[in-house]
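**Student:**
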Amino acid sequence: MEHAEHHFTATEVVRDIVIGMSDGLTVPFALAAGLSGTVRSTSIVVIAGFAEIVAGSIAMGLGGYLAAKTDVEHYQAEERREYRETQEKTEIEKEEVAEIFCGYGLTAAQAAPIVDAISKDTKRWVDFMMRFELGLEKPDAGRARKSAALIAASYIVGGLIPLFPYMVWREVHSALWISSGVTLLALFVFGLIKGRFTGVTPLRSGTQTAVIGGLAAAAAFGIARLIS
Numbered sequence: 000m001e002h003a004e005h006h007f008t009a010t011e012v013v014r015d016i017v018i019g020m021s022d023g024l025t026v027p028f029a030l031a032a033g034l035s036g037t038v039r040s041t042s043i044v045v046i047a048g049f050a051e052i053v054a055g056s057i058a059m060g061l062g063g064y065l066a067a068k069t070d071v072e073h074y075q076a077e078e079r080r081e082y083r084e085t086q087e088k089t090e091i092e093k094e095e096v097a098e099i100f101c102g103y104g105l106t107a108a109q110a111a112p113i114v115d116a117i118s119k120d121t122k123r124w125v126d127f128m129m130r131f132e133l134g135l136e137k138p139d140a141g142r143a144r145k146s147a148a149l150i151a152a153s154y155i156v157g158g159l160i161p162l163f164p165y166m167v168w169r170e171v172h173s174a175l176w177i178s179s180g181v182t183l184l185a186l187f188v189f190g191l192i193k194g195r196f197t198g199v200t201p202l203r204s205g206t207q208t209a210v211i212g213g214l215a216a217a218a219a220f221g222i223a224r225l226i227s
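At position 222 of the sequence shown the residue is numbered 221 (numbering that gives the first Met the number 0), and the sequence of numbers has no breaks.
1) In chain order, what residues of the same chain lie with their CB nearer than 6 Å to the CB of D70, ignoring the 5 residues before and after it?
2) Taking three-plus beta-carbon pairs below 8 Å as touching, is the stretch 164-183 in contact with the stretch 38-57?
3) Count the other C-beta atoms from every protein chain shown that fall within 10 angstroms of the C-beta of D115, then say buried if there are 16 or more, exposed otherwise.
4) Per DSSP, which residues does E170 bridge with? Please list them.
5) Would you give the residue range spanned by the alpha helix (DSSP H) that A140 belongs to?
6) Helix, strand or coil: how does DSSP classify G190 here?
7) So, are the CB atoms of L24 and A147 less than 9 Å apart?
8) Quick check on this structure: which residue in G55, L61, Y64, T121 has the alpha carbon closest to the alpha carbon of E87?
9) What is the DSSP secondary structure of K93, counted as helix, strand or coil?
10) In terms of residues, what are the limits of the alpha helix (DSSP H) holding K122?
11) Using 8 Å for Cβ pairs, my map puts I113 next to F100. What's the rounded Cβ distance?
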């Protein structure tokens with residue numbers, strides 16, 4: 000029977016969703032809870048919440064774009080350096096290839112023909128050094144735009160969840176309690192899903208996510224009440 004291995008490969012997509020959604024659920028929730036301790040009108044909470052969601056999604060999206068862009072630029076800079084070194088320091092680079100294989104248990108004699116085969120193709124040689132010497136995987140050139148859009152969209156979706164009760168209920172404290180319940184449930188479910196994809200125990204991941212979000216909102220609410 001043929002053995003088939005299944006590995007999760009969309010780690011960058013999951014990372015972007017986790018970054019955007021977790022902050023989107025937590026920050027607007029904490030803001031709304033904090034304002035609920037000082038204002039009587041849900042419309043003020045909604046306006047402030049929308050402003051925060053817009054600003055937050057732009058800031059988070061821009062951060063994701065710059066991070067992904069930096070990864071691409073870093074890879075390209077290291078790749079150019081490796082191409083230059085294979086031409087200017089050929090023997091040293093070959094010795095580095097041999098050392099990598101010796102690190103996996105091969106003798107120098109066993110590694111020699113492999114080194115010769117790899118070094119005959121400059122691109123393959125550089126790709127090998129990028130992955131096994133520097134530990135770098137070639138990033139998607141268009142990843143920056145995708146990352147920015149995904150993080151921003153996830154932040155907006157997450158941010159609307161704690162804000163929704165304030166759009167429906169007119170009494171601030173009622174909206175606060177409903178928002179708290181809905182958001183904590185959303186954080187818990189999101190944590191479960193995150194744990195499923197990241198390899199962490201789902202129940203543990205869900206509980207941690209909900210607790211962190213709840214503590215952030217409680218702190219914001221308490222500080223707002225204390226100041227007022």
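Beta carbons: idealized from backbone N, C-alpha and C, even for Gly.
Since the model is a prediction, treat every value here as computed from it, not as a measurement.
**Tutor:** Short version:
1) P138.
2) Touching, per the Cβ criterion.
3) Burial call: exposed.
4) Answer by DSSP bridge pairing, in chain order: S40.
5) Counted as a single uninterrupted DSSP element, the stretch harbouring A140 is not any alpha helix (DSSP H), since DSSP gives it neither H nor E.
6) For G190, the three-state secondary structure derived from DSSP is helix.
7) Contact flag unset, no.
8) That would be T121, whose Cα lies nearest to the Cα of E87.
9) In the displayed model, K93 falls within a helix according to three-state DSSP.
10) Where K122 is concerned, the enclosing alpha helix (DSSP H) stretches over 121-131.
11) The C-beta separation of I113 from F100 comes to about 6 Å, placing the pair in contact by the 8 Å criterion.
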